[in-house]
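Trainee: Be aware that the sequence shown starts at 1, since it is given in the UniProt record's numbering, and climbs by one per residue.
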Amino acid sequence: MLWVVGIDEAGYGPNLGPLVQAAIALRLPKSDPAGWDTLKSVVRRAHEKPDGRVLIDDSKKVYTRGGIEALERGVWAISGAEPTRVHDYFWHGDELPLWGEHLRAEFWFDGDDLLPLHIDAETEWAVSEPLRTALNGNWTGDYRIVPTLRFNQIVDGSGSKATVLSCGLIDLIESVTAAIPDDGEPLLILCDKQGGRNFYSAIVQASLPTGWVVTEREGAAESRYRVENLSRPITVVFRPRADGDSVAVALASMLCKYLRELCMRQFNRFWAARVPGLAPTAGYPVDAKRFYAAIRPTMARLGLTADQVWRKK
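#1: How big is the Cα-Cα spacing for residue 256 and residue 228?
#2: Report the rounded CA-to-CA distance for residue 26 versus residue 142, giving the unit in angstroms.
#3: Could you tell me which residues DSSP pairs with residue 21 in its beta bridges?
#4: Give the single residue among 16, 147 and 20 whose Cα lies nearest to the Cα of residue 169.
#5: By the three-class DSSP mapping on this structure, what secondary structure does residue 51 have?
#6: State the DSSP-derived secondary structure class of residue 171, mapped to helix, strand or coil.
#7: Could you round the C-beta distance between residue 59 and residue 253 to whole angstroms and report it? I think they count as a contact, below 8 Å.
#8: Determine the direct distance from the alpha carbon of residue 271 to that of residue 297, and round the result to whole angstroms.
#9: For the beta strand (DSSP E) containing residue 68, name the first residue and the last one.
#10: Using beta-carbon positions only, say whether residue 73 and residue 46 come within less than 8 Å of one another.
#11: Report yes or no: do the region 37 to 54 and the region 271 to 282 share at least 3 C-beta pairs separated by less than 8 Å?
#12: Between residue 162 and residue 197, which are expected to be in contact by the criterion C-beta below 8 Å, what is the C-beta distance as a whole number of angstroms?
#13: Any contact between the region 86 to 99 and the region 282 to 289? By contact I mean 3 or more CB pairs, one from each, below 8 Å.
#14: Going by beta carbon distance, what residues of the same chain come within less than 8 Å of residue 11, once the five residues before and after it are set aside?
#15: May I have the straight-line CA-CA distance separating residue 246 from residue 300, to the nearest angstrom?
#16: Just confirm the distance between the C-beta atoms of residue 312 and residue 155, as a whole number of angstroms; I'd bet it's less than 8 Å.
#17: Just mark residue 171 as buried or exposed, buried being the case when its beta carbon has 16 or more other beta carbons within 10 Å.
#18: Could you tell me the distance, in whole angstroms, from the CA atom of residue 173 to the CA atom of residue 123?
#19: Three-state secondary structure (DSSP) at residue 154?
#20: Taking the beta strand (DSSP E) that residue 261 falls in, what are its first and last residues?
#21: Do you know whose CA, among 108, 184 and 224, lies nearest residue 240's CA?
#22: Which first and last residues belong to the beta strand (DSSP E) in which residue 228 is found?
#23: Starting from the C-beta of residue 117, find all residues in its chain whose C-beta is less than 7 Å away, skip the five residues before and the five after it, and write them out in chain order.
#24: Look up residue 238 in the DSSP assignment and give the residues it is bridged to.
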């Protein structure tokens, strides 16, 4: 067996709304690190017909077929059993991480919203029990949400929005590897390529500072690193479209998209209540300009600055 950590992001390209990065770790057979064959009896892909198995796939495919409800079904299968407030779902208590403080300070954030949005929590928890049985408790995860003001602060300090991704990636690798039992089993970290770059050795070294990073290959198809001098073998791989290659990355992709959609739902609700007739936005560049032009007079009245609403890059 080995632990497979899947890492992905949602919201890197938009001008409005937060960036979300997530990591999901699953314990899988060495012969099937992708996990699709191992979990075939309890997980179906987007191209397969509904048959009672949990839909897990690239978040874009899942969202296209069933919207936020389909994402919620998959995410809720391993992340929640009872209805709860957004605040409690995100943080499970009153002690917030730094990114939580940044999110809670957002003008549009409402921690009292109830989840889940569309599904019956008790029913779906029972239906998805076969997936949790197959995993036998061997999963963990973490995520980071970077709202606009914090995003812009990091860009101002570094001159590049790629730094935002790098900081989140380092944090996630550190937190998830620390949460996985250190029993000597190999650990494989699979990441969707971050912003199209090919060179990640510095990020891997910063994530695992006591290890010695050996570059095995770096290119458009794959960047692969071996980390030595640790208590267990660790391999870190970056691939384009990794969310279709691995159950762990697909779950991370779905969690990112789900959390981003929750945030955008609140963002759009805030502005719709203050700008009559305003159509919602997903925050991507072309439509974001339309939305931003419509809300700017109201921003001025509310005392909101551009840095609080519009991402610089």
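All residues carry an ideal CB built from backbone N, CA and C; glycine is no exception.
Mentor: On the basis of the data shown:
#1: For the purposes of this step, residue 256 is identified with residue 256 of the sequence shown, where counting begins at 1. For the purposes of this step, residue 228 is identified with residue 228 of the sequence shown, where counting begins at 1. Their backbone Cα atoms lie some 30 Å apart in a straight line.
#2: Along the sequence shown, one-based indexing puts residue 26 at 26. Along the sequence shown, one-based indexing puts residue 142 at 142. Rounded to the nearest angstrom, the two C-alpha atoms are 12 Å apart.
#3: Along the sequence shown, read from residue 1 onward, the residue named residue 21 stands at position 21. Answer is 9 and 144.
#4: Indexing the sequence shown from 1 puts residue 169 at position 169. Among 16, 147 and 20, the Cα nearest to that of residue 169 is on 20.
#5: The count along the sequence shown starts at 1 and reaches residue 51 at position 51. In this structure, residue 51 counts as coil in the three-state DSSP scheme.
#6: Here the question's residue 171 lines up with position 171 in the sequence shown. Reduced to three states, the DSSP call for residue 171 is helix.
#7: What you label residue 59 is simply residue 59 of the sequence shown in a count that begins at 1. What you label residue 253 is simply residue 253 of the sequence shown in a count that begins at 1. 4 Å between Cβ atoms; contact.
#8: The count along the sequence shown starts at 1 and reaches residue 297 at position 297. The count along the sequence shown starts at 1 and reaches residue 271 at position 271. Approximately 12 Å between the Cα atoms of the pair.
#9: The residue you call residue 68 lines up with position 68 of the sequence shown. No beta strand (DSSP E) contains residue 68, which is instead part of the alpha helix (DSSP H) from 59 to 79.
#10: Residue numbering aside, residue 73 sits at position 73 when the sequence shown is read from its first letter. Residue numbering aside, residue 46 sits at position 46 when the sequence shown is read from its first letter. For residue 73 and residue 46, no; Cβs fall outside 8 Å.
#11: no
#12: Numbered from 1 along the sequence shown, position 162 holds the residue referred to as residue 162. Numbered from 1 along the sequence shown, position 197 holds the residue referred to as residue 197. Between residue 197 and residue 162 the Cβ distance is about 7 Å, and since that is below 8 Å, they are a contact.
#13: no
#14: As a first step, residue 11 is located in the sequence shown; it is residue number 11 there, counting from the start. These residues qualify, in order along the chain: 17, 18, 19, 20, 256, 260 and 283.
#15: Taking the sequence shown and counting its residues from 1, one reaches residue 246 at position 246. Taking the sequence shown and counting its residues from 1, one reaches residue 300 at position 300. Going by the C-alpha atoms only, they are around 46 Å apart.
#16: Counted from its first residue, the sequence shown places residue 312 at position 312. Counted from its first residue, the sequence shown places residue 155 at position 155. So it is a contact: roughly 5 Å between Cβ atoms.
#17: Sequence index remark: in the sequence shown, residue 171 carries index 171 (1-based). It is buried - the Cβ of residue 171 has at least 16 other Cβ atoms within 10 Å.
#18: One-based indexing of the sequence shown puts residue 173 at position 173. One-based indexing of the sequence shown puts residue 123 at position 123. So the two alpha carbons sit approximately 33 Å from each other.
#19: Along the sequence shown, one-based indexing puts residue 154 at 154. It is helical.
#20: For this step, residue 261 is matched to residue 261 along the sequence shown. Looking at the DSSP string, residue 261 is not in any beta strand (DSSP E); the run it does join, the alpha helix (DSSP H), is 247 to 272.
#21: Walking along the sequence shown from the start, residue 240 turns up at place 240. Residue 224 is the option with its Cα nearest to residue 240.
#22: In the sequence shown, the residue the question calls residue 228 occupies position 228. Looking at the DSSP string, the run of the beta strand (DSSP E) that includes residue 228 is 223 to 228.
#23: As a first step, residue 117 is located in the sequence shown; it is residue number 117 there, counting from the start. Contacts found: 68 and 72.
#24: As a working note, residue 238 is residue 238 in the sequence shown. Paired residues: 191 and 223.
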